[in-house]
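Protein sequence lines correspond, in order, to chains A and B. Residue 40 is where the first sequence starts when you use this note's numbering, and the numbers rise one by one after that. Residue 167 is where the second sequence starts when you use this note's numbering, and the numbers rise one by one after that. Positions of the beta carbon are idealized from the N, C-alpha and C atoms, including for glycine. Read the structure below first, then the notes.
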Amino acid sequence: MVKKNIYKNLSGHLKWSPLAWGLIFGVIFGFLLQKGGATNYNVILGQLLLTDFTVLKIMLTAVLTGMIGIYAMKSLGWVELHVKAGSWGMNGIGGLLFGIGFALLGYCPGTIAGAIGNGYLDALVGGLIGIWIGSGIFAALYPKLRTGILRKGEFGDMTLPRLIKTNDWVVVVPVAVLILSLLVWLESAGL
Amino acid sequence: MLEAFSQVRWSPYVVGVGIGVLSWLSFLILKKQLGCSTSFAKTSGMIEKLLRGPDVALKPYYQKIKLDIDWQWMLVLGIVFGSLASALLSGDFRFQWVPGIWLSAFGHTPVWRVLVALVGGIIIGFGARWADGCTSGHGISGALQLAVSSWISAIAFFVGGILMAHIIFRLIAG
Numbered sequence: 040m041v042k043k044n045i046y047k048n049l050s051g052h053l054k055w056s057p058l059a060w061g062l063i064f065g066v067i068f069g070f071l072l073q074k075g076g077a078t079n080y081n082v083i084l085g086q087l088l089l090t091d092f093t094v095l096k097i098m099l100t101a102v103l104t105g106m107i108g109i110y111a112m113k114s115l116g117w118v119e120l121h122v123k124a125g126s127w128g129m130n131g132i133g134g135l136l137f138g139i140g141f142a143l144l145g146y147c148p149g150t151i152a153g154a155i156g157n158g159y160l161d162a163l164v165g166g167l168i169g170i171w172i173g174s175g176i177f178a179a180l181y182p183k184l185r186t187g188i189l190r191k192g193e194f195g196d197m198t199l200p201r202l203i204k205t206n207d208w209v210v211v212v213p214v215a216v217l218i219l220s221l222l223v224w225l226e227s228a229g230l
Numbered sequence: 167m168l169e170a171f172s173q174v175r176w177s178p179y180v181v182g183v184g185i186g187v188l189s190w191l192s193f194l195i196l197k198k199q200l201g202c203s204t205s206f207a208k209t210s211g212m213i214e215k216l217l218r219g220p221d222v223a224l225k226p227y228y229q230k231i232k233l234d235i236d237w238q239w240m241l242v243l244g245i246v247f248g249s250l251a252s253a254l255l256s257g258d259f260r261f262q263w264v265p266g267i268w269l270s271a272f273g274h275t276p277v278w279r280v281l282v283a284l285v286g287g288i289i290i291g292f293g294a295r296w297a298d299g300c301t302s303g304h305g306i307s308g309a310l311q312l313a314v315s316s317w318i319s320a321i322a323f324f325v326g327g328i329l330m331a332h333i334i335f336r337l338i339a340g
């Protein structure tokens, strides 16, 4: 009986408050990023200069854990994928631009929020305002871009398993093995 | 167990597993993937709307992303507090204008560091909208779903970032 009530309460909360969940998830995410060192400019630049592989280790471990869990839950019918549609013009060119900004700024949109919480003033005074300006410029140019370069080489909301027309796990397992091997190699190389 | 919270650093593998589990929960509970950069575009639009009037919200891009405070906006706000809590608990919190790597290459003047951060911010903000995602949305959430758009983006983030970091610190500073 008690158990049933707890579940009822819980599912009630699940429904009515995505904002509260967002905040809770954010607090945990920010806590983890700070503990991992990812809110620190030196750690991020160390990754881009290939002297400190902390950021890659965090990301690959998150992708490995997340991938296995999400695809397991997808197989059980608990979750659906939310894949972003894309194109070479969008993801290739946009990604390179992002990378150039990433190296100049030393934070990304998620870690800059953490850097601000950490007390880093270059993130607050320089970077945050810059991201707002850059987003605003894009919004102004969007009507022109959306019918042009953003559609060059479109492939839609494709996933790797659907691309090579195979069962999910035929891709998940090799990718997991690849990530694990890369992590083991990084450790054995002392990086 | 409790002293873990006051440690300055956790193993990147512990942190990575934690973020991976967080992604499960956001799929299960919110039916959404974790992402950050759209919230900055919403805030930018809301500020512009405040300064230039309600017509700003009619821009096609803001019609697409909606100028509201949604769960993802709260996620980004939460990151600030979560990082603050972690830094305070471990004594790692400090006000700092110029980070170490920058300082040893370009000196301690905050003006240059802040100007470059501003320019970098403009480019990364623009690039995140162009690529429709950032290091969290594409690099983690999209990559773990094996999305083609996200793997291309994540690889491009690091190719661009590694090249530019080497230009700044090996060519210009070196």
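- Taking 9 angstroms as the threshold, the shortest C-beta distance from E169 (chain B) to chain A does not fall below it.
- Minimum Cα-Cα distance from M112 (chain A) among the listed residues B:D298, B:P220, B:I195 corresponds to B:I195.
- Contact of F272 (chain B) with chain A is not assigned, every C-beta pair being separated by 9 angstroms or more.
- Within chain A, the residues placing a beta-carbon under 9 angstroms from that of W268 (chain B) are Y80, N81, L84, G145, D161, ordered along the chain.
- For K230 (chain B), the nearest beta carbon of chain A is closer than 9 angstroms to its own beta carbon.
- Taking a beta-carbon distance threshold of 9 angstroms, P220 (chain B) does not count as an interface residue toward chain A.
- A buried status is given to P265 (chain B), since no fewer than 16 other beta-carbon atoms sit within 10 Å of its beta-carbon.
- Residues of chain B whose Cβ lies closer than 7 angstroms to the Cβ of A215 (chain A) do not exist; the shortest such Cβ separation is about 11 angstroms.
- In the DSSP assignment, E193 (chain A) is bridged to A:S126.
- For a cut-off of 8 angstroms, the C-beta gap from P213 (chain A) to C300 (chain B) is around 26 angstroms, too long to register as a contact.
- Where G291 (chain B) is concerned, the enclosing alpha helix (DSSP H) starts and stops at 276–297.
- Excluding sequence positions up to five before and after G156 (chain A), its CB lies within less than 8 angstroms of the CB of G69, Q73, T78, all in the same chain and listed in chain order.
- Here A59 (chain A) is exposed: its Cβ has fewer than 16 other Cβ atoms, across all protein chains shown, within 10 Å.
- When the beta-carbon positions are compared, I109 (chain A) and L310 (chain B) come within less than 9 angstroms of each other.
- The beta carbon of Y228 (chain B) sits closer than 6 angstroms to the beta carbons of G211 from its chain, once the five residues preceding and following it are set aside; these are given in chain order.
- In this structure, V122 (chain A) places its C-beta atom within 9 angstroms of the C-beta atom of S316 (chain B).
- A direct Cα-to-Cα measurement between D196 (chain A) and G186 (chain B) gives close to 22 angstroms.
- Here the alpha carbon of Y80 (chain A) sits roughly 5 angstroms from the alpha carbon of G145 (chain A).
- Annotation: L284 (chain B) to V82 (chain A) spans about 19 angstroms, alpha carbon to alpha carbon.
- Using a 10 angstroms sphere on the CB of M129 (chain A), the tally of other CB atoms reaches 16 or more, which defines it as buried.
- In this chain, the alpha helix (DSSP H) harbouring R201 (chain A) covers 199–202.
- According to the DSSP assignment, Q238 (chain B) belongs to the alpha helix (DSSP H) that extends over 237–256.
- Here F194 (chain A) is near W127 (chain A), since their CB atoms are less than 9 angstroms apart.
- For S210 (chain B), the chain A residues whose C-beta falls within less than 7 angstroms of its own C-beta are W171, S174, G175, listed in chain order.
- The C-beta of A179 (chain A) comes closer than 9 angstroms to at least one C-beta of chain B.
- Across the segment 293–308 of chain B, CB contacts with chain A closer than 8 angstroms involve G293, A294, R295, W296, A297, D298, G299, C300, T301, S302, G303, H304, G305, I306, S307, G308, in sequence order along the chain.
- For a cut-off of 8 angstroms, the C-beta gap from G303 (chain B) to S203 (chain B) is around 6 angstroms, short enough to register as a contact.
- Beta-bridge partners of Q262 (chain B) (DSSP): A:Y159.
- At a beta-carbon threshold of 7 angstroms, the residues of chain B lying near N130 (chain A) are A297, S315, I318, S319, A322, ordered along the chain.
- Judged by pairs of C-beta atoms under 8 angstroms, the segment 87–94 of chain A does not touch the segment 170–180 of chain A, as fewer than three such pairs exist.
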